[in-house]
Each structure stands twice: as C-alpha cells, then as structure tokens.
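Heads up, the thing below is written out as structure tokens.
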Amino acid sequence: MNHRTDSNYNSNYNKLIIEPFQINFEPGLNLDGDIYRPICFKPLAVVLLRTPYSKSNFNALFDPVVIARMGFAVVIQNVRGRYESDGHFYPFVNEKKDGIITIQWLKEQAWCNGQIMAIGASYEGFAAMACSDKLTAVVSIVSAKDIHNFWFFENGLVRQSFIQAWTHSLAYTDKNFLKSDEISYLQLLANDLPSLYKSDLNDFPVAKYLPYYSSLINFSDDIYWRNINNQTFSENNITPGYYISGWYDIFCEGTINDYQIACQLVNHSQKLVIGPWSHNDLFSSLVGEIDFGVKNVSAYNPYEIFNWFLEVSRNKVPCSANIFIMGKNKWINLSCWPPITTSTRLFISSKKLIDKSVSIRRLTFSQSINDGNDYFIAKKNEYFPSRGGRTLDTSTSQQGKPGPFDQSSLLKRDDILVYTSDEFTEDFTIVGMVKATLSVVVNYDTSIHIMLIDHMPDGRAINILDTCYPLKKSTSAKKVNIDIGNTAYTFKCGHCIQLVFSSSRFPRLSIHNNLTKYNIKYELFWGPDYSSYIELPEYKENL
41 MNHRTDSNYN SNYNKLIIEP FQINFEPGLN LDGDIYRPIC FKPLAVVLLR
91 TPYSKSNFNA LFDPVVIARM GFAVVIQNVR GRYESDGHFY PFVNEKKDGI
141 ITIQWLKEQA WCNGQIMAIG ASYEGFAAMA CSDKLTAVVS IVSAKDIHNF
191 WFFENGLVRQ SFIQAWTHSL AYTDKNFLKS DEISYLQLLA NDLPSLYKSD
241 LNDFPVAKYL PYYSSLINFS DDIYWRNINN QTFSENNITP GYYISGWYDI
291 FCEGTINDYQ IACQLVNHSQ KLVIGPWSHN DLFSSLVGEI DFGVKNVSAY
341 NPYEIFNWFL EVSRNKVPCS ANIFIMGKNK WINLSCWPPI TTSTRLFISS
391 KKLIDKSVSI RRLTFSQSIN DGNDYFIAKK NEYFPSRGGR TLDTSTSQQG
441 KPGPFDQSSL LKRDDILVYT SDEFTEDFTI VGMVKATLSV VVNYDTSIHI
491 MLIDHMPDGR AINILDTCYP LKKSTSAKKV NIDIGNTAYT FKCGHCIQLV
541 FSSSRFPRLS IHNNLTKYNI KYELFWGPDY SSYIELPEYK ENL
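The opening position of the sequence shown corresponds to residue 41 in my numbering, with each subsequent residue numbered one higher.
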C-alpha cells in the first residue's frame, strides 16, 4: 500500500517511542498493549485500536509507525481474554465497559491531549463503536453495530460460513477455553471447513468448546441478544463517525445503516466510504475474479481518515459519502446516502417456444399483458451452492471466497429460475437499494433466494447482490416485498441484467429446515394481476 500522509499535522515526527503498557482493570485482570508515539513536547491526539486478533493485527491495514510519524499517539490493545491480555473472551460482552476504562486511562496520560479516535475493522470496529459516546471520533471499518440483524442473521437464516469460520478461528487461538491438544485438533480441521459446513449447525466442532457458539446461531435467544444490546448500545450518540465498507463486504448493509442513523441524529461530521471491496480484500483492486483497476481504486487514500479526524475535532463538517461505482469503476462524491435516483422496474415474464418444452424467461421494462407463472422444484437435500458474494470464510476453497465470481456454470441447473433482460444499448447505472416485489406460492414453509447478475457479452455471469426471504406455505399467490441490498453498479452497453431464484445459497446462508425433509415447489406468478418485478434505483447524473 502506498502510505501517503498529506497530514495537517507536522510530518517531521521521525523519532518514536514504542513501548508496551498494561491497564489493571481489577485484581488479576490486566489488558496488554503497545504504544507508538513521537518524541515531542506537547500532548497528542490518540488513535486507539482494541483488537481480539493480536496487537500486531493493525499492520494488516495501517502502519502504526506511519500514523505516529503523522503526529499521533497510536495505542493498540488486546481485548479481554485474547493473546497477552488476561480474562476470558466472550464476544461483544465486555467491549463497552473495557473500552471506557481504557479511554479514561488514556486521558490521564501526560502525552494525551484528550482527543481520542477509536478505529478498527470488523470486530475491532464494533469495539470502537461500543464506547463511541466517550470519544472525539470513531472509525468503523467493515463492521456494524447491530450484530443480531447485520452480523449473524439474514432474514431469519444463519450466515453459516461466516459464523462457523469465525468462531473456528477464535477457538484455535483461545488460551482459556481450550487445551493445547484441542487447539491442535481444531487447527487440523481448519484445512477442510467446507466439509464441516455440511453437518448440523449444532454439531459444528467448536460447539463443545466455546460457550457462546450456540447463542450466535440462535436467532430467538432473546436473553443473550438483549444482554448484548444492553451492554453495547449507546443512546443519543452524536460522535463524529467515519464508516468504511465494500459492496461485497458481509457487513455492508449494517455499515450503511449505522451511517444513516448517525446522520439522522446529528446531521454533520459523518462520512461514508464504500469501495468495490470484500471483507477479505479491503482497499484492493482485485476482488474475487474482477480487477477494478489499481489506479481507479487507489484514487481513495485510507490515510485520509486521520486528516478527517483532525478536521472534525476542530469543526463541524458536512455529512458526505464517497462511493465507488462498479462497472464504471469510478468514485463519486455525494452529500448523503442514498442519492436521488429514479425508480425503474423490470418486470418478470416468460414465453414458451413452439414445442413448449422450453421457456424464454425475460425481464422487460413493460409488464406482460397476460398473466402466467413459472416454477421450479427444490429436491430434498440438494442445495444451490454459494459462489462468492457477501460472505467471509477462511477456507482455502474458491467456493468460500467472497466477492464477484462467474456464476454461469451454476445457471445451467434445473432447480432454479433465471430471467434475462435485453442487452443495454447504453450504460445503465444503479445506485442505492435494489428491491423486488414477487407473487409466490410454495407448498411448505421455506425461504426463496434472489441473486442479481451482470450477464456479460463474453458469457460470464457476475454476481452483484443476493439475499433470502422467508415464505409461508400457501395455496394462492402471496405478494412479498424484498430489499435485496444496496449497491452502485453500471451495466455497460451490450450487457444484460439477470435475476436468479433458487431455494438456497449454501453455505453462505444456512439451509431452511424443510429443505432437509421435503421436495419444495416454488411457483412465481407474473402479469397484470400479480405484477412481479425488480425495482432498480437508476442513477442518471452525468458521471
């Protein structure tokens, strides 16, 4: 990464002090960390990172030496129960109270000027937000505050590969819950996580070692989730916030939600940045199988965060959003999210060929004048696989990696429905929330999965968004309204939009229980009486 500083601070802080520290929270409980600070004769603003991934993890995104030479004190702390810090690690439970004690300790140090910005990616971002009302500013990177709705579950299904890969990695780096031989055993199992996903959720190996795993996969564990909310949420938070995500990040929708809530509360000093990235490929130009261009992506410099911190610590600044439009491969600057767009509908319909054995399924800007329906049957225990998308998986298989991948080989299956638009005669850009309205009948309770695809002239079918939606058994068509997700994407001239319906996206999302018991028939109705369509936020501003 090119470490441009461009700081408003004097950048001539070349001599640094790098020293360990400990904070005593209670008898027998010390939290360990490191401090990087320049040798100077005035107190400094502090950049704080609290991490469960080892205090050396900060180097994965930022160089603490570079930040310190910009004129900051950089403080990196292992959270409770992780690496050199004492105690037991229970995800999310202690981050607010431990973070507040750490902030109080920092403000008592002679080298701290009282201005503290907490920063972090993923869990670290959550730890920063948990104590945001005590901070000068907070930077949340590929994270989300509402973990129940935006981390672990998606419309009632478990984000299976994420939860299991994440807890697996926590288990074999845990120094308290597991013995050394148990850690070695789990490290060995990490070589083939995809095989482990096929077992029952409750039988995943870490379930017997980590006391919190069973709660993380239980949508209805009200006591657990209420306890987490009580210990983490800050009321009326008006702290300046800088929110970073990627269009293929598993927590993208949560990041956007955090930013929008902050803007509603305070309407200044909030910034949103969304690139083409996944959780694993942050600030990279190559995401999944698509290279968005080093020059295009690097037009955004993440070290700009620290100049923003200085600015908002002195003055109120307008809310803003810096957004990367994929396909166009260009950044745009917005005053808010979402921008003003035009709602454009593509209607679902189909037409049988002369021999009536094959249907042409279409997406059209005009609704069919006739009613009709299409169907597919999901056979028991035969699941539609996930390939890329908004996921997080540490397995070595390509199936487990996040981001955009060619789906064309999957679209040949007979247990899905695929609808395709005409080729665009000019570029078509969408920015914002993509929605769908469907009229559906199913013979058992289940979930329907929707995937939005860019079908390219060379035959590749690149996934843009996908999600699921719960359906109840019915004998007549029921209309459902679905938020598929936010994106910013340009379908280039000559490309088509495809919409794919399936019964599952495994192992990105868990399998509905009925898919293990029955053959399930999905019927999708369209036409004037049913009006099934996808709703696209068309962005018409001259780019």
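We put the beta carbon where it would ideally sit given N, CA and C, even for glycine.
Every value quoted in this text rests on a predicted model; they were computed, and no experiment measured them.
Beta-carbon proximity list for residue i, same chain, < 6 Å, skipping 5 on both sides
i           : result
residue 136 : 170, 171, 271 and 272
residue 400 : 391
residue 123 : 94
residue 72  : 62, 118, 124 and 125
residue 433 : 201, 205 and 440
residue 355 : none
residue 165 : 180, 181 and 183
residue 336 : 369
residue 385 : 573 and 575
residue 253 : 207, 246 and 247
residue 468 : 531
Cβ of residue i within 8 Å of any chain C Cβ
i           : result
residue 343 : Among the chains in the structure shown there is no chain C, since it carries only a single protein chain.
Neighbourhood of residue i by C-beta, 7 Å cutoff - its chain only, sequence neighbours within 5 removed
i           : result
residue 329 : 444, 445 and 446
residue 451 : 458, 501 and 540
residue 255 : 261 and 264
residue 358 : 308 and 375
residue 153 : 83, 84 and 85
residue 581 : none
residue 44  : Residue placement at residue 44 is flagged as unreliable, the pLDDT there being 37, under the threshold of 50; the coordinate-derived value follows with that caveat. Only 341 and 343 meet the Cβ criterion.
Residue i - DSSP class collapsed to helix/strand/coil
i           : result
residue 373 : strand
residue 44  : Its pLDDT being 37, under 50, residue 44 is placed unreliably by the model, and the measurement read from it follows with that caveat. In this structure, residue 44 counts as coil in the three-state DSSP scheme.
residue 427 : coil
residue 200 : helix
residue 169 : helix
residue 563 : strand
residue 147 : helix
residue 318 : strand
residue 49  : Reliability fails at residue 49, whose pLDDT of 46 lies under 50, so the model's placement of it is uncertain and the value that follows must be treated cautiously. In the structure shown, residue 49 sits in coil (DSSP, three-state: anything other than H, G, I, E or B).
residue 142 : helix
residue 583 : Low confidence applies here, because residue 583 scores a pLDDT of 49, under 50, leaving its location unreliable; read the following figure in that light. Three-state result, residue 583: coil.
residue 343 : coil
residue 21  : Nothing in the structure corresponds to residue 21, since the chain is present only between 41 and 583.
residue 293 : helix
residue 229 : helix
residue 188 : helix
residue 107 : helix
residue 357 : coil
residue 303 : helix
residue 208 : helix
residue 401 : strand
Length of the line joining the Cα atoms of residue i and residue j
i           : j           : result
residue 373 : residue 161 : 23 Å
residue 575 : residue 113 : 48 Å
residue 364 : residue 314 : 6 Å
residue 156 : residue 346 : 11 Å
residue 453 : residue 539 : 14 Å
residue 140 : residue 474 : 39 Å
residue 558 : residue 569 : 30 Å
residue 490 : residue 292 : 17 Å
residue 544 : residue 244 : 20 Å
residue 496 : residue 532 : 9 Å
residue 247 : residue 221 : 16 Å
residue 381 : residue 470 : 8 Å
residue 472 : residue 286 : 14 Å
residue 68  : residue 216 : 14 Å
residue 322 : residue 100 : 10 Å
residue 74  : residue 211 : 24 Å
residue 199 : residue 193 : 5 Å
residue 306 : residue 111 : 29 Å
residue 515 : residue 415 : 14 Å
Own chain partners of residue i with C-beta closer than 8 Å, once the 5 adjacent residues on each side are dropped
i           : result
residue 565 : 411, 412, 413, 479, 480, 481, 517 and 572
residue 46  : In this prediction, residue 46 scores a pLDDT of 39, lower than 50, which makes its location untrustworthy; no coordinate-derived value is stated.
residue 195 : 487, 507, 508, 509 and 510
residue 499 : 448
Distance between beta carbons of residue j and residue i, contact taken as under 8 Å
i           : j           : result
residue 289 : residue 430 : 6 Å
residue 567 : residue 406 : Actually they do not touch by this definition, with Cβ atoms about 12 Å apart.
residue 132 : residue 121 : With a Cβ gap of about 12 Å, residue 132 and residue 121 do not count as contacting.
residue 460 : residue 403 : 6 Å
residue 236 : residue 229 : 6 Å
One or two residues paired with residue i in a DSSP bridge
i           : result
residue 489 : 508 and 542
residue 576 : 384
residue 313 : 284 and 362
residue 443 : 429
residue 457 : 541
residue 529 : 366 and 470
Closer than 7 Å: residue i CB and nearest the ligand ADP heavy atom
i           : result
residue 371 : Questions concerning the ligand ADP fall outside what the structure shown contains, since it holds no ligand whatsoever.
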